[in-house]
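See below for the structure under consideration.
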Amino acid sequence: MSTARRTTSTRRHIGLTLGRVLVLSSMVSVVVLTQAGAAEAGTSSFARWILTHTGNVPTSVAVADFNGDGEPDVVTGGNDVVVMLGTGDGRFDSGTDYETSGYYTDSVGAGDFDADGNTDLVASSSDGNEVWVWLGSPDGTFEDSTTFGAGENPSSVTVDDLNHDGDLDLAVANRHAGTVSVLLGGAGGTFGSAAAFPAGEFPLSLVASDVDGDSDLDLAVSNGGTLAVLLGNGDGSFGPPTSQDVGGLADSFSAITAGDFNGDADPDLAVLGEQVGIVILLGGGDGTFAATHTVAPVAGYDTSRVMDIAVGDFNDDSHPDLGLAAPGSGFAVVHGDGDGTFSDFKTFSTNGSPVAVAVADFNADHHPDVVVANQFSADSSFGDVSVLLNTLDSTPPDTTITSGPGALTNDATPTFTFTSSEPGSTFECRLEDADFSPCTSPLTLPAQDDRAHGFYVRAIDASGNVDETPAVRIFQVDTIPPDTFVLDGPEGLTTDATPTFAFRASELEFTSECRLDDAPFSPCTSPLTLPALDDGTHTFEMRVKDDAGNVDPSPAVRTFTVDTVAPQTTITGGPEGPTNDNTPTFTFVSSEPGSTFECGINGAFGDCTSPWTSDGIGDGEYTFQVRAKDAAGNEDASPASRAFTLDRNPPTTSITSGPSGWTGDSTPTFGFTSPEPGATFECRVDDAAFEACTTPHTTAELADGDHVFQARAVDTTGNVDPIPAAIAFTVDTVAPDTVISSGPSGLIYDRTPSVSFSDIDGAKSHECRVDDEPFEPCTSPTTTAPLSDGAHTFDVRAIDWGGNVDPTPARLTFTIDTEIFRTGITGGPSGLTNDATPTFTFGTPDPNSTFECRIAPAPFADCTSPYTASELSDGDHTFEVRATDSYGNVEPTPAKRAFTVDSVAPDTAVDSGPTGTIDDQTPTFGFSSPDAGATFECRVDGADFGPCASPFTTAVLANGSHTFQVRAKDAAGNADATPAGRTFTVKVDTTAPKTRIDSGPADVTNQTRATFTFSADEPATFECKLDAGAYAACESGDSFGPLGSGTHTFAVRATDEAGNVDPVPASKTWIVDTTPPQTTITSGPSGLSLLSSKATFGLASSEGGSSFQCRLDSGAWQSCTSPWSVTQVHLGNHTVSVRATDPAGNVDPTPATRTWLTLGLLPL
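Shown next as structure tokens:
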């Protein structure tokens, strides 16, 4: 027999009607219970189960007549589909297996799919993503299966005519796809392609019913978080899912079934929740439901573990009841009350751990019986099918009161015992005319009044039959004790260590007993003075006894506390030493809770509470005092005190050094002081916030312009100088420009020339020099000392009010020649020029001279200064000029100026640099020009051109579109009129990726290598580290190890393509445990067990959370829990072996064993 992977969490229930055929999905073994007889409003009763082994591990069960003999048969799903034919008495044959390609089936169903009169089979498997269909034969056998695609992980199937065409259709819940697939039936038992309809997250099971009254079948689907209803359109299609109210219960619903639970002819639903158990939803007839309640469990039956549910009238009261199957708890019936509520919970044994249930009349007694699938069988390693036959009992039991008062009694809480004529009965009791309520024998009544009373009790047998003639006892209670009254004595706090108490009784004749604290009661008389008591809480009790011997059961009590010790007072907050707060606040506490306080400053006490704030006070020295008074009136004789000095006079501040007026220092330093000892300082420039500072204080870099520096002192009490010291100054770091307005140039005859000059910025002074002599102060105009013939320079520079000196003095260049007459060219191009019509200036010291000019080799012609040449071609040229003095002498050697005209601008090319979209905020560009001597100017985004060189890197650019331009400029000053450029877009990724671990080892594992898969929310590389190691490059799917036992932590972080690193690495911590547990058998037979054929063993493991496997003799290992029992043990020696498996999966290699000898004579 083939097996397939299977998990119990997906086992669920499906119901369908054909005749009506019930289809229920569950796991492992199957049990049937049969009901016989009818009792009016009785309770269900089932006979001992009838066992049939299936030979496989069933996961689902359905009931139908497969061989046409009129007797119900059973089909189970699991690792195989097994069909068992019924014999009509609750028994079945050994069954026939039908394979499902090695897959477990989650759900089975039945119906006549090919309309040949024979019942056919259908099964679904969440492992195979398909359904299997077997067409039936008249003898109850089936042909080979045909598979039809369903959806992803089909967990359950239901059969019905969903489109009114007379052919049966299939509806399948697809767990992982979140859909319901509908396969419409066709001729010959075939089905069309699956049509998927949304059904919510994680649909597990479904039921078909007309919930909105339109005669079209609808689907109710339970899924991972909600209950959804899909309304049918009558053609096999369904509308969108509608989430139904489940009463606010946060749960995952699984199995579902339908029935009319409140008798209004509208379909209702019962659904199973993973945590809350069974939820009843009453249908409104319009497709909506209202959750009413969860079925209350009985003690010992866990409704949260119920895995299947069926509907039947098990107690023959015409109200639907619910049959429940829960592994570990057994089979149970909860009876319907006919109004949508359920009560009277009954449980039954099934020889195993039931997980599925179906209802049918298996023995033809006209009462619904039950077939249950057990997950584990008590006496088989495979699943089995058990049948329990339901027997109804209508004879009520007789009730007898066996003990308790029947006349006069002084017992106000009498006790009664009672019995029933039927073993196993329960009881209900009442007093007088009150309602009956459940009770057990013996029953002790609550305290009763002094009068006659009637006690009634009636038995209810296991079938729910009630004794109509309850047993009764009439009795008289006379047990009223006298009351005790305290007339005088302390209560609460007192300073009296020998208090006196007076007391009396509610009756004239009485005796009394007293006691102090926990001492025994002893005789006493009123008034009573106690001996001296210690400080502390005491209780004085008095009780009286009347002549009838009734003792006051509630003595009069006075609780008092003797307190002769004064409290201690502590000041917990408030100024101490210097302060500038003239309304200081103090906090204080007492060593005794509940104390009151008196406060004062400088000796004047008054009532106060903590915190306490004084009225306004003047500067000076003060002492605050406070004393506590406890609740007993004891007053602290040594008040707590705190001395402080009030000082509200602020300090003064003086600036002792630093610039005022103009300064060229953009980070000036200031010194300041205060006459207040211990004062600190705060400084600021202009309108900035004051910040702590010390003297001397140097400011941050300041911009040119007017500024104000302020400093203020703060004394030790926190008083701040309200009038900070201030000094105004002007920062000027820009040097002035100097301009020569007149003076010599060219060739002159004057040995003491005069020069006039000025400045642009309003300089404070000037300095002059001739040739390379040191600068000296001068004023405009200034006349030089006598100079020798020859070339000279005159420099003048301005000095502004900030002390800034013009770094580029204005200069005159001139030549003194007092011996010969010469022409001097004073202006015009020399070397390269881009001016094709250059202008030259020239002159001589003789104001009467005339001139002749030419561009060689043209002839000389008359000219004046300035002289502009006609347009010249590009190339080398020479300008010549000669003078003729007033006497007609022509200068023999003309003055010359050589130059080269170049009017052609160079070309510019961008050789490298980005285009398109880039992630670099400071891109670099390379460029060139055919003109080898050219210089370059660059700009970005239309800014002014500025000098640059190749390669050129921009400043940091913002994200967005940008344009880079560059132009070449040759030595003649010609600039490229068509700059080269590149347009590009900056898009920088600054968002770090997010890393997640997709898979890794279990939280506790015995594997010494760990494999992790991980990913990020964007393309990225990864770095990993293990425990305290360093990060290193890694890839998803890498393995790490070998690892030692203990706790380990794996961390991984992603780095995206932009280089951003995840600042919060993903991490996982797990435990490697390679040490197997030690198994111990803590109890059970050893040696000789004379008679019993049953043995029970207690099991334990050295590691908490371990599971166990057990075996008897050389049998197969099977899961077990403590205590574990073996049954039907026959004569001979036997050995039980037990091995533990810890949470990490380590298996004890040395199982614990226990060997014993049994005669095996007594049955279980």
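Oh and the sequence shown: position 1027 is 1027 in the UniProt record's numbering, straight run, nothing missing. Beta carbons are placed, not taken as given, at the ideal position from N, Cα and C, and that holds for glycine.
Between the alpha carbons of Gly828 and Thr839 lies a distance of about 6 angstroms. Listed in chain order, the beta strand (DSSP E) runs fully inside the stretch 70-127 are 73-78, 80-84, 96-99, 107-111 and 120-125, counting runs of at least 3 residues. Residue Val221 holds the alpha-carbon nearest to the alpha-carbon of Val157 among Tyr103, Ala763 and Val221. Scanning Thr699, Ser441 and Thr141 for the CA closest to the CA of Asp65 turns up Thr141. Using a Cβ-Cβ distance cut-off of 8 angstroms, the stretch 167-186 and the stretch 201-209 are in contact, since at least three pairs of beta carbons, one from each stretch, lie closer than that value. For Ala187, the three-state secondary structure derived from DSSP is helix. In the three-state scheme derived from DSSP, where H, G and I count as helix and E and B as strand, Arg451 is classed as coil. The closest CA to that of Leu702, considering only Asp732, Glu682 and Ser674, is found on Asp732. By the Cβ neighbour-count rule, Phe191 is buried, with 16 or more other Cβ atoms within 10 Å of its own. If you compare the alpha carbons of Asp647, Val734 and Trp662 with that of Val720, the shortest gap goes to Asp647. The beta-bridge partner set that DSSP reports for Gly705 consists of Val731. In this structure the stretch 100-120 touches the stretch 57-64; the number of beta carbon pairs closer than 8 angstroms is three or more. Here the alpha carbons of Asp266 and Leu322 stand approximately 18 angstroms from one another.
With distances taken between CA atoms, Pro659 lies nearest to Gly803 out of Gly136, Phe314, Gly803 and Asp165. Here the alpha carbons of Ser1067 and Pro951 stand approximately 45 angstroms from one another. For Gly875, the uninterrupted beta strand (DSSP E) segment begins and ends at Gly875 to Thr884.
About 6 angstroms separates the Cβ atoms of Phe418 and Thr399, confirming a contact at the 8 angstroms cut-off. By the neighbour-count definition (other C-beta atoms within 10 Å, threshold 16), Leu1131 is an exposed residue.
Proximity of the stretch 609-623 to the stretch 575-592 meets the contact definition, three or more beta-carbon pairs being nearer than 8 angstroms. Distance from the CA of Gly340 to the CA of Thr288, rounded to the nearest whole angstrom, comes to 15 angstroms. Closest in C-alpha terms to Pro736, from the list Thr752, Ile727, Ala725 and His766, comes His766.
In the three-state scheme derived from DSSP, where H, G and I count as helix and E and B as strand, Thr841 is classed as strand. The residue from Gly489, Pro553 and Ser512 with its alpha-carbon nearest to that of Thr559 is Gly489. Cα atoms of Ala1030 and Thr1079: separation of roughly 41 angstroms, rounded to the nearest angstrom.
Burial is judged here by how many other beta carbons sit within 10 angstroms of a residue's own beta carbon; Glu432 has fewer than 16 and is exposed.
For Thr303, the three-state secondary structure derived from DSSP is helix. Looking at the DSSP output, Ala711 shares a beta bridge with Cys683 and Ala725. For Lys1094, the three-state secondary structure derived from DSSP is coil. Nearest to Pro1077 by C-alpha distance, out of Ala1100, Leu1112, Asp1148 and Tyr622, is Asp1148. Boundaries of the beta strand (DSSP E) harbouring Asp344: Phe342 to Phe348, taken from the DSSP string.
Taking 8 angstroms as the upper bound for CB-CB distance, Pro575 and Ser595 are not in contact here, some 23 angstroms apart. Straight-line spacing of the CA atoms in Gly1044 and Asp1027 works out to 12 angstroms. The DSSP-derived three-state label of Asp160 is strand. In the DSSP assignment, Ser961 falls within the beta strand (DSSP E) that extends over Gly960 to Lys969. Pairing Val131 with Ala150 gives a Cβ-Cβ distance under 8 angstroms.
Secondary structure of His367 (DSSP, three-state): coil.
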